Ligand SMILES: [Mg+2]
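Residue numbers (this note's numbering): 1 to 324.
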């Protein structure tokens, strides 16, 4: 059954709606918890992590960004900025998104990726809403913030979901390979929100590998994954499919080190949707920054409510911008 077929089912089943809200909250809190947990060990190798932490398993802050305990990084902050823009514009609008990202950069974020900074600077200088296609843009910076798209386009046809994702991604990253990987993550989250089993999520990952073999994840264990989305998703898929709980999946992926805040964030959003908010350990939720947690919960509910009105129309493409 396609995601689009399930919107009707949702509208008629109240208990399922309660459940989908819980899963959406799980996804957003899972993203933030994964980001905060992973940030401590970002850029460390698995061996270095073992030497310093044994198994890294608590939200203790620190890391190369010297974070306060429970604080998140750009992965969560950019998701919240994207979500705000969608809620304020009532649609996935490239200009509203670029403006929200620019506003976020003005807050002097604790961390910001090179490709993201370049994209926002292009917008400020030239009003660019869609950066040119480049194979160097296959970093994980657009995927790490894709959750608001998954929530807001829940129930829409796959092509409308893909278009919404291209609009948000191309403000800073324009890569066909990364678009395919990010769309797979979005659809996995949507399947999980609707209560589909993990085996169905595995089929989506297998479809991605069939279309883009670079994403093949059934070979060597991916340790120390870099910012290239192919490496990120190999680590995320391996951890997700080798475990059976939110906690074991997240611990597996962040202890691989490398770009651990982003593997944690992406794993956290998928696993949070799959296992629900109750599956997120209290010792993590209790430490997570309170304002961040509240913003995540609010957006999860508001974006899901917005998805009921979303029909795939009313997109504002960068290409139609008069300033281009
Ligand atoms: Mg980060």
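Each residue gets a CB set at the ideal place from its N, CA and C atoms; glycine is no exception. Only a predicted model underlies this, so the values are computations on that prediction, with no experimental measurement involved.
Report buried or exposed for residue 56, applying the criterion of at least 16 other Cβ atoms within 10 angstroms of its Cβ.
The residue you call residue 56 lines up with position 56 of the chain shown. Burial check for residue 56: the Cβ neighbour count within 10 Å reaches 16 or more, so the residue is buried.
Close Cβ partners of residue 18 (< 6 Å) along its chain, the five nearest in sequence each way excluded:
The residue labelled residue 18 in the question sits at position 18 within the chain shown. None.
When burial is assigned at 16 or more other CB atoms within 10 Å of the CB, is residue 261 buried or exposed?
Along the chain shown, read from residue 1 onward, the residue named residue 261 stands at position 261. Buried, by the Cβ-count rule.
Local conformation of residue 285 per DSSP, three classes:
Indexing the chain shown from 1 puts residue 285 at position 285. In the structure shown, residue 285 sits in a helix (DSSP, three-state: H, G or I).
Give me the Cα-Cα distance between residue 64 and residue 274, rounded to the nearest whole angstrom.
By one-based count along the chain shown, residue 64 stands at place 64. By one-based count along the chain shown, residue 274 stands at place 274. Straight-line measurement puts the Cα of residue 274 at about 31 Å from the Cα of residue 64.
Measuring only the C-alpha atoms, how far is residue 94 from residue 144?
Working through the chain shown from its first residue, we reach residue 94 at position 94. Working through the chain shown from its first residue, we reach residue 144 at position 144. When the Cα atoms are used, residue 94 and residue 144 turn out to be separated by approximately 17 Å.
Mind checking whether the beta-carbon of residue 231 lies closer than 8 Å to any heavy atom of ligand 1?
In the chain shown, residue 231 corresponds to position 231, counting from 1. With a cutoff of 8 Å, residue 231 does not count as near ligand 1, since its C-beta is closer than that to no heavy atom of the ligand.
What residue range does the alpha helix (DSSP H) around residue 241 cover?
For the purposes of this step, residue 241 is taken as residue 241 along the chain shown, with counting starting at 1. Secondary structure note for residue 241: its alpha helix (DSSP H) is the uninterrupted segment 229-242.
What would DSSP say about residue 321, mapped onto helix, strand or coil?
Taking the chain shown and counting its residues from 1, the one referred to as residue 321 is at position 321. Legend: pLDDT at residue 321 = 33, less than 50; position of this residue unreliable, value from coordinates given subsequently. The DSSP-derived three-state label of residue 321 is coil.
Do you know how far the Cα of residue 236 is from the Cα of residue 213?
Indexing the chain shown from 1 puts residue 213 at position 213. Indexing the chain shown from 1 puts residue 236 at position 236. Using only the alpha carbons, I get a separation of about 16 Å.
Enumerate in chain order the residues of its own chain whose CB-to-CB distance from residue 204 is below 6 Å, with the five nearest sequence positions on each side excluded.
Counting from one through the chain shown, the residue named residue 204 turns up at place 204. Excluding sequence neighbours, residue 204 sits near 184, 187, 188.
For residue 307, I'd like the list of residues in its chain whose CB is within less than 7 Å of its CB, leaving aside the five on either flank, ordered along the chain.
Here residue 307 is taken as the residue at index 307 of the chain shown, counted from 1. Correct list, in chain order: 151, 152, 153, 154, 155.
Tell me whether residue 142 counts as near ligand 1, meaning its Cβ is closer than 8 Å to at least one heavy atom of that ligand.
In the chain shown, counting from the first residue as 1, residue 142 sits at position 142. The beta carbon of residue 142 sits no closer than 8 Å to any heavy atom of ligand 1.
Hey, which unbroken runs of the beta strand (DSSP E) at 3 residues or more fall wholly within the region 117-192?
Fully enclosed beta strand (DSSP E) runs of 3 or longer: not present.
Quick check: residue 272 and residue 224, are their CB atoms within less than 9 Å of each other?
As a first step, residue 272 must be located in the chain shown, where it is residue number 272. As a first step, residue 224 must be located in the chain shown, where it is residue number 224. Contact flag unset, no.
Cβ-based neighbour list, residue 287, same chain, cut-off 7 Å, excluding 5 preceding and 5 following:
As a first step, residue 287 is located in the chain shown; it is residue number 287 there, counting from the start. Once the five neighbours on either side are set aside, the close Cβ partners of residue 287 are 59, 69, 70.
Among residues of its own chain, excluding the 5 on either side of residue 5, which ones have a beta-carbon nearer than 6 Å to its beta-carbon?
Within the chain shown, numbered from 1, the residue matching residue 5 stands at position 5. Note that residue 5 scores a pLDDT of 48, beneath 50, so its modelled location is shaky; the value from the coordinates is reported in the next line. Cβ-Cβ distances below 6 Å link residue 5 to nothing in the same chain once the five nearest sequence neighbours on each side are left out.
Can you find a heavy atom of ligand 1 that lies under 8 Å from the Cβ of residue 81?
By 1-based counting over the chain shown, the position of residue 81 is 81. No, the beta carbon of residue 81 sits no closer than 8 Å to any heavy atom of ligand 1.
Would you say residue 139 faces chain D, with C-beta separation under 9 Å as the test?
Of the chains in the structure shown, none is chain D; there is only one protein chain.
DSSP state of residue 62 mapped onto helix, strand, coil
Against the chain shown, residue 62 aligns to sequence position 62. In the three-state DSSP reduction, residue 62 falls in the strand class (E or B).
How should residue 26 be labelled, buried or exposed, when 16 other C-beta atoms within 10 angstroms of its C-beta is the threshold for buried?
Along the chain shown, one-based indexing puts residue 26 at 26. By the C-beta density criterion, residue 26 is buried, having at least 16 other C-beta atoms within 10 angstroms.
Around the Cβ of residue 126, are there at least 16 other Cβ atoms within 10 angstroms (buried) or fewer (exposed)?
Taking the first residue of the chain shown as 1, we reach residue 126 at position 126. So residue 126 counts as exposed.
Report yes if the C-beta of residue 35 is less than 8 Å from at least one heavy atom of ligand 1; otherwise report no.
Here residue 35 refers to the residue found at position 35 when the chain shown is read from its first residue. Here the distance from the Cβ of residue 35 to the nearest heavy atom of ligand 1 is below 8 Å.
Do the region 187-202 and the region 215-229 make contact, defined as three or more Cβ pairs closer than 8 Å?
Because the criterion of three Cβ pairs below 8 Å is not met, the region 187-202 and the region 215-229 do not touch.
I'd like the ranges of any alpha helix (DSSP H) spanning at least 4 consecutive residues and lying wholly in the region 45-114.
List check, alpha helix (DSSP H) in window: 46-53, 74-89, 94-106.
Just the residues with CB closer than 6 Å to a heavy atom of ligand 2, in chain order, which are they?
Among the ligands modelled here, namely ligand 1, ligand 2 does not occur.
If we count the other Cβ atoms within 10 Å of its Cβ and call it buried at 16 or more, is residue 174 buried or exposed?
In the chain shown, the residue the question calls residue 174 occupies position 174. Residue 174 comes out buried.
Go ahead and pull the three-state DSSP assignment for residue 256.
Position 256 of the chain shown, counted from the start, is the residue given in the question as residue 256. The DSSP-derived three-state label of residue 256 is coil.
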